[in-house]
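Residue 111 in our numbering sits at position 111 of the sequence shown, and the numbers go up by one each step. Here the structure comes first, spelled out in structure tokens, and everything after it is commentary.
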Amino acid sequence: MHVLILGGTRDAMNLAAELLARPHFKATYSLAGRTRRPLPSGLPTRRGGFGGPTGLADWIKREGVDVVVDATHPFAAQMSDNAIQASQACNIPLARLDREPWQPQDGDRWHTAPDLASAAAAIYDHSKSGDRILLATGGRSLSHFEHI
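Structural data, given as structure tokens:
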């Protein structure tokens, strides 16, 4: 069985290690071209985009992939959408490997915002007080917070 792992997360690396230890699986690890310093998965690795859902479907057919595992970052919505469309077009299963969401704990001071602009405005107010702020928005959204 040939498994395509759409990776880039620690969970994807853990899955790669599991499949590497099981000789009856053939697996390919795929990384977006944006990954700066990828950790070696031990599996044959493909880097870069596929060219949208059609390109991904073509690659799946050409390589004889039997199942796709989407273990991308939660903010990689476009890749997840492409995986859905390509898997449907190829009539093969798609599994999504999701992280457990963070849960608020006693003493946390979570603040939610409807969009990035609102979050940046709220953070700006807190930054003047010297509070430390954890952003969990993904690196591609940092431009919204440059003024802080």
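Cβ coordinates follow ideal geometry from the N, Cα and C atoms, glycine included.
Task: Cβ contact check for the region 42-61 and the region 104-113: 3 or more pairs under 8 Å - done: no
- [ ] Mind checking which residues open and close the beta strand (DSSP E) that includes S30?
- [x] Per DSSP, S30 belongs to the beta strand (DSSP E) from K26 to L31.
- [ ] Have a look at I123 and R140 and give me their C-alpha separation to the nearest angstrom.
- [x] 17 Å
Open item on the list: Does T112 pass the burial test, meaning 16 or more other C-beta atoms within 10 Å, or should it be called exposed?
Closed with: exposed
Task: Cutoff 8 Å; reference K26; Cβ partners in own chain excluding five residues on either side - done: M1, H2 and V3
Task: Residue span of the beta strand (DSSP E) that contains A17, given as start and end - done: Where A17 is concerned, there is no enclosing beta strand (DSSP E), although the alpha helix (DSSP H) it sits in stretches over R10 to L20.
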